[in-house]
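Chemist: Quick one: the structure is below, questions incoming.
Numbering (full-length UniProt numbering), first residue to last: 1 to 239.
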């Protein structure tokens with residue numbers, strides 16, 4: 001049994017009737033009254049029993065748990081159970097900065113009258129800040145346990161800021177416009193060069209034809225002059 005009388009000597013002037021409580025529970029806390037009745041008279045006394053319980057080792061988690069980026073909001077959780085009296089949870093980063101004032105803690109009483117602690121704090125993820133620590137303290141401010149959590153934060157490329165995606169899309173669109181305009185200008189330039197070459201070719205052919213016509217006409221004039229000479233010569237002889 002959990003309750004029994006301690007072995008004692010029931011004879012003589014010193015009689016010990018102490019009550020032994022084993023496997024103390026939170027529900028055993030309270031006042032106990034001892035009353036002694038003898039032939040010489042009776043008496044009683046009251047004693048108070050206080051029960052304390054140590055909290056379990058705390059565990060930590062985060063939401064979101066992965067794929068964290070710089071300056072992203074992340075909520076850290078720290079839970080400890082089975083303690084009494086009600087304790088507290090403190091938050092620290094690796095630089096020793098105390099984040100407890102920014103945290104929110106809840107206390108839940110269990111069926112055996114002990115308590116579970118749950119604390120959360122929301123902050124911005126930083127690759128230079130982990131690990132984060134939570135410390136569980138009892139009601140006297142004495143540390144009973146601690147836990148650490150390293151956040152896997154992805155470091156942004158140098159010079160990368162919010163809105164880079166939109167800027168990159170705009171730059172891509174502008175570059176595409178310049179490429180299209182460049183192709184159009186090249187096409188127009190090629191067309192102009194082809195038309196100019198064609199015009200020059202046609203002009204050259206025309207000049208050659210005119211030269212041929214001029215040479216032919218000149219030759220005909222020479223032939224006509226010779227014929228005239230031969231025709232006039234007999235006439236001159238007859239005279």
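Even glycine gets a Cβ: it sits at the ideal position worked out from N, Cα and C.
1. Here's the rule I'm using: 16 or more other beta-carbon atoms within 10 Å means buried, otherwise exposed. How should residue 173 be labelled?
2. Once the 5 residues before and after residue 108 are set aside, which same chain residues still bring their CB inside 6 Å of it?
3. Report the residue from 185, 96, 58 whose alpha carbon sits nearest the alpha carbon of residue 144.
4. Quick check on this structure: which residue in 22, 49, 20 has the alpha carbon closest to the alpha carbon of residue 29?
5. So, under 8 Å CB-CB, residue 118 and residue 77 are touching, yes? Tell me the CB distance rounded to an integer number of Å.
6. Count the other CB atoms, across all protein chains shown, that sit within 10 Å of the CB of residue 5; report buried if there are 16 or more and exposed otherwise.
7. In the DSSP output, which residue or residues are listed as bridge partners for residue 39?
8. If you draw a straight line from the C-alpha of residue 37 to the C-alpha of residue 47, how long is it?
9. With DSSP as the reference, label residue 162 as helix, strand or coil.
10. Does the region 62 to 72 come close enough to the region 89 to 99 that 3 or more CB-CB pairs lie under 8 Å?
Modeler: Looking at the coordinates:
1. exposed
2. 116
3. 58
4. 49
5. 7 Å
6. exposed
7. Looking at the DSSP assignment, residue 39 forms no beta bridge with any residue, so it has no partner.
8. 18 Å
9. Per-residue confidence for residue 162 stands at a pLDDT of 48, beneath the threshold of 50, marking its modelled position as unreliable; the derived number appears in the next sentence. Of the three classes helix, strand and coil, the one that applies to residue 162 here is coil, per DSSP.
10. no
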